[in-house]
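Protein chains in written order, with our numbering: chain A, 61 to 242; chain B, 61 to 242; chain C, 227 to 492.
A virtual CB, placed ideally from N, CA and C, is assigned to each residue, including glycine.
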C-alpha cells in the first residue's frame, strides 16, 4: 500500500468543498497508476468505515467526500442548534447595525433600508435581548418602535450610544473603500 | 477508552468551523467526567498524529480543530490552485505584536511605540479579524480601543495569550544577538 | 554598505507587503525611524544604553538625505526622530554641575523607546516562525455537508463589523439612487447560456466580480436573475460564506450539459 498516496488523498478529500472526482485527483497528482489509486482510495474508505470512527468517506455525485456517520446525527443537530443560538447571522448583524445608528426605528423603516423583510432578524435580536420594543409610532398602522438595549452596550463595550464609531472614524480606517464607493 | 465518546468528539470537531472548545463540548454532551473527556480527546489526537494520516487535530485558540498537516501544503495549493498563502506585511505584523503584548491599546499608543502612523495596518488587521474594537478609552478624544481576537490565536497556532513568546525568551535572544555583534 | 542592508533585510524578514499596503513594496527598507535607528546602532555595535548621540545623529541624517532607503510616505515621522536626536545632542552639550545620574540622562527617553521597539521586533520574528508553520496547515473554511443546514452564515461580530456594515449599507443605498439604466437588450436566454458556458469552461465563478464587471446595470440584473434561475433549477450551487464576501458559483456535477434551454423560464 502506498501510504504517502493515501495520506495525500485524505488531505484532498478533506479540503474539497465538493465531492472529489477521480478526474480532479489525476489533475492534481499527475500520473498515478489507476490500480494504485483505486486501492489507496479503498483502503482509506475502509479505515474510516471502522465502527470506532465518527466520520466516513462516502461516494456521491461521482466523487469522494467526508461526511458524519448517520448514527451521530443527534449530536450534529444539537451542536448546530447551540452554534446558531450563540452567534449572529449576517442578516441579524445588518439589522442590528441599522437599529443602532437609526434608533428609534420601525420595522418598515429597517426593511426599507435593507431592501429585504427583516421580521426574522428582529425576532432573533429580540430573543438575544440586543434590542427592545419601546412603544408605537404615531403613524398609520401604529408600528412598533425598536431600540438597542443595555445589553447591546455591554456586548460591544460601550458606555453610551454616543460611543458608537463615527462615520469618519470608520471611513478613515477604510480609506480605500471610500475611494471605490464614492 | 470510551470509543463511543471518541467517535462523537471526532464528529463535533469535524463539523465545527472554529476550534471546538471544552465548554462547547460540554454544552452539547451534557455531563461527562472530565478525565474521560480528556483521555478521549488525547487518544483521538494521537490517532491522527500517526504519520500515515494526512490530517491532524490541532489545539488552537483554546479548542480543537481539524487541519491538514504542513507537509502536504503543496498538494493543497495545487488542488486549490493558489499560491503560497501570503504572510502579513512587516508593518501589520509589527502592529499586531504591539497589540498582542499591550492590549487593550489605542491607535495613538500603537503609533507611539512604532514611531509611525498605523492606520493602514489596523485596517488590514481588522479586516482579517485578527484584532477587534472593544470600546472606547476614557481619555481625551475617547479613542477606540483594540484587542486581539480568537482568530489571532488561531492564526499563530496559540492556545491562549499565555502562549505568546515570553519576556525572558525575548531577552535571551537579544542577549545572544548582542554577543554575536560584539 | 549595500550588502549590509540586504543582510539586514533577510534577518528582519521583510516580506513584500500585501496589495492593500502596496505603496510600501518598493520603498520598504526602513519601515520607520526606529527601525533605521536600531539598524545604525547594530551596525556600529553600540550598546543601546550608551549611544554616542553625535555619531548616530550624523549617520541618521546621512540616511535621511539619501532618501532612497527610507519609506518616503513616512518622511515626517523620520524627521520627527531626527529632531529628537538633535534635541538630545544639544542637551548633552550643556555643561553639568555634577555627574548626571541615569535618570537625568537626556538619552533615556530614546533608549526606552528603542528597547521597547527592539523587544517587539524579536517578538515579530518569533511570531513569524509560528505563522510560517500555520500557513501550511489548512482547515476547512466551509461547513461540511450536513442535512438541513439552513442559515449557517454565522459570524462573530465586533464594533467594527457593526459600524462597517452600517456605513456600507448606506453607501450602497446612495449609489443605487444614482445609477442610470442604459438601454441595450440583454436576453435572459443568452445570458443563461453565457453563464453555463463559462462555468463549464472554468469550473466556478466569483459571482460578485462577474456581477460588477457587467457593462450596464440592466445586464448585471439579468445576470443576477439568471443565477437565481439556475439555483432554482438545481443547475448550480452558490455559496456565500460571509457577509460581504464573494458568492462562489459551481455547476452541479449531475446537471445535463446544455439542457437548460427552454426549461429556464416559463
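- Contacts between residue 452 of chain C and chain B, judged by CB atoms closer than 9 Å, are missing: the closest CB pair is about 26 Å apart.
- For residue 359 of chain C, the enclosing alpha helix (DSSP H) begins and ends at 334 to 360.
- Against chain C, the beta carbon of residue 181 of chain A has no neighbour under 7 Å; the closest one sits roughly 11 Å away.
- Look at residue 126 of chain A here: in three-state DSSP terms it is strand.
- When CB distances to chain A are screened at a threshold of 8 Å, the residues of the stretch 131 to 159 of chain B falling below it are 132, 135, 136, 138, 139, 140, in chain order.
- Your pair residue 211 of chain A and residue 204 of chain A does not check out as a contact, with CB atoms roughly 19 Å apart and the cut at 8 Å.
- Below 8 Å, enough C-beta pairs join the stretch 336 to 350 of chain C and the stretch 172 to 188 of chain B to call them touching: three or more.
- The beta carbon of residue 306 of chain C sits closer than 8 Å to the beta carbons of 259 from its chain, once the five residues preceding and following it are set aside; these are given in chain order.
- Taking each of C/386, C/337, C/321 in turn and checking the Cα distance to residue 182 of chain B, the smallest one comes out for C/386.
- Around residue 70 of chain A, the beta-carbon contacts reaching into chain B at under 7 Å are 113, 114, 115.
- Below the 9 Å Cβ cutoff, chain C contributes 362, 363, 364, 365 as neighbours of residue 128 of chain B, in chain order.
- Inter-segment contact for the stretch 118 to 132 of chain B and the stretch 314 to 322 of chain C is absent: fewer than three beta-carbon pairs are separated by less than 8 Å.
- Taking C-beta separations shorter than 6 Å and ignoring five residues to either side along the sequence, the partners of residue 81 of chain B in its chain run 122, 123, following chain order.
- In this structure, the alpha-carbon of residue 356 of chain C lies about 39 Å from that of residue 331 of chain C.
- Neighbourhood of residue 348 of chain C in chain B, by CB distance below 7 Å: 230, 233, 234, in chain order.
- Using beta-carbon distances, residue 310 of chain C does not count as an interface residue toward chain B, since no partner is under 7 Å.
- For the stretch 71 to 156 of chain A, the full-length alpha helix (DSSP H) segments reaching 4 residues or more read 82 to 89, 94 to 109, 133 to 146 along the chain.
- The Cβ of residue 75 of chain B sits closer than 7 Å to at least one Cβ of chain A.
- With 16 or more other CB atoms across the displayed protein chains lying within 10 angstroms of its CB, residue 178 of chain A is buried.
- Relative to the Cα of residue 109 of chain B, the nearest Cα in the group A/133, A/93, A/67 belongs to A/67.
- Segment contact: the stretch 81 to 90 of chain B against the stretch 134 to 143 of chain A, three or more CB-CB distances shorter than 8 Å; contact assigned.
- Against residue 301 of chain C, chain B offers no close residue; the least beta-carbon distance is about 11 Å (beta-carbon pairs closer than 7 Å).
- For residue 122 of chain B, the closest Cβ of chain A is not nearer than 7 Å.
- Judged by beta-carbon spacing, residue 92 of chain B lies beyond the 7 Å limit of residue 138 of chain A, meaning their Cβ atoms are not closer than that value.
- Using a 10 angstroms sphere on the CB of residue 277 of chain C, the tally of other CB atoms reaches 16 or more, which defines it as buried.
- A straight-line Cα-Cα distance of about 12 Å links residue 221 of chain A and residue 157 of chain A.
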